[in-house]
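Going by this note's numbering, the first residue of the sequence shown is number 85, and it counts up by one from there.
Cβ atoms here follow ideal geometry from the backbone N, Cα and C, with glycine treated the same way.
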Amino acid sequence: MAVRADLNISLDGIASPSHQTPENPMGEDWPRLVADYTATRTFRSRVLGDTSGEGTTGVDDDYGRAYFEDVGAEIMGAAMFGAHAHPDDSDWRGWWGDEPPFHVPVFVLTHTPRRSLEMAGGTTFHFLEATPHEALARARVVAGGKDIRIGGGLNVVQQFLRAGLIDRLHVAVVPIILERGGRIWDGLRGIENDYHSTTEVAESGVIHVTFTRR
Numbered sequence: 085m086a087v088r089a090d091l092n093i094s095l096d097g098i099a100s101p102s103h104q105t106p107e108n109p110m111g112e113d114w115p116r117l118v119a120d121y122t123a124t125r126t127f128r129s130r131v132l133g134d135t136s137g138e139g140t141t142g143v144d145d146d147y148g149r150a151y152f153e154d155v156g157a158e159i160m161g162a163a164m165f166g167a168h169a170h171p172d173d174s175d176w177r178g179w180w181g182d183e184p185p186f187h188v189p190v191f192v193l194t195h196t197p198r199r200s201l202e203m204a205g206g207t208t209f210h211f212l213e214a215t216p217h218e219a220l221a222r223a224r225v226v227a228g229g230k231d232i233r234i235g236g237g238l239n240v241v242q243q244f245l246r247a248g249l250i251d252r253l254h255v256a257v258v259p260i261i262l263e264r265g266g267r268i269w270d271g272l273r274g275i276e277n278d279y280h281s282t283t284e285v286a287e288s289g290v291i292h293v294t295f296t297r298r
């Protein structure tokens, strides 16, 4: 079992673009940051339900496919679930559709816990207020020996990194400069000393950097 995380970041380390609004909760630069990933065949089939076989293949798709493999549980923040879209609606079922792409138990970290939400395809959202250590302990119970993915957003991944809980971190470095937004490496000076790193360049120009705990 490994605890792992995947992020798309810009050359200057931005993982959470600025200018987030209720109408555009991911920020105005988000489409640019994830364009190569969302163009892959894996994303189109797994997330969008596109069975046409369209989408890019190659290195980006390899990492996209690996994102979903051997995962037994997921941990994410309330924003990634979409809780802020309808904060006063206890029946809001998130923005992942009726059949979310996770197909495993998902633990949503939130200050306003609510009842668990069972979705089609094997995904059940569990809402809890917990520290990274506590959430990870809950996820281990149901992961069945498989990996636990820290899905995001940026703040959640940083919490787990600072707590020393992530065994493998994959960042897809997109060759753009965003300048404004949340930076993955803030407060993590020297963290590379705890990991062995490898790099691979995709046909798109995206640099895939994988940090594996020594």
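What would DSSP say about residue i, mapped onto helix, strand or coil?
i	result
THR208	strand
LEU117	helix
THR122	helix
SER281	strand
ARG259	Looking at the sequence shown, residue 259 is not Arg but Pro. Note: PRO259 maps to coil in three-state DSSP.
GLY148	helix
Within 10 angstroms of the Cβ of residue i, are there 16 or more other Cβ atoms? Answer buried if so, exposed if not.
i	result
ASN239	exposed
LEU253	buried
TRP114	buried
GLU284	exposed
VAL225	exposed
Spatial neighbours of residue i within its chain, please: CB distance less than 6 Å, with the 5 preceding and 5 following residues excluded, ordered by chain position.
i	result
GLU213	HIS195, PRO197
ALA204	ASP182, GLU183
GLY206	HIS187
Are residue i and residue j closer than 8 Å when you measure CB to CB?
i	j	result
VAL188	GLY156	yes
ARG130	THR141	no
ASN92	LEU117	yes
LEU193	ALA219	yes
ARG222	ALA89	no
ASP251	ARG297	yes
GLU153	PHE186	no
For the ligand HEM, any of its heavy atoms closer than 7 Å to the Cβ of residue i?
i	result
MET203	The ligand content of the structure shown is nil, which means the ligand HEM is not present either.
Which residues in the same chain as residue i place their Cβ atom closer than 7 Å to its Cβ, once the five residues preceding and following it in sequence are excluded?
i	result
TYR121	ASN92, PHE127, ASP144, GLY148, ALA256
MET164	GLY235, GLY236, GLY237
GLU287	GLY142, VAL143
Residues in its own chain within less than 8 Å of residue i by CB, not counting five upstream and five downstream?
i	result
ILE291	ALA256, VAL257, PRO259, THR283, GLU284, VAL285
GLU276	PHE295
THR242	The amino acid occupying residue 242 in the given sequence is Gln; Thr does not appear at that position. Cβ neighbours of GLN242 beyond the five flanking positions: ILE268, ASP270, GLY271, LEU272.
Stretch-stretch touch, CB-based, cutoff 8 Å, three pairs: the stretch 98 to 108 with the stretch 261 to 274: Between the stretch 98 to 108 and the stretch 261 to 274, the count of Cβ pairs shorter than 8 Å is three or higher; the stretches touch.
Contact between the stretch 193 to 204 and the stretch 220 to 234 (3+ Cβ pairs under 8 Å): A contact between stretches requires three or more CB pairs, one per stretch, nearer than 8 Å, and the stretch 193 to 204 fails this requirement with the stretch 220 to 234.
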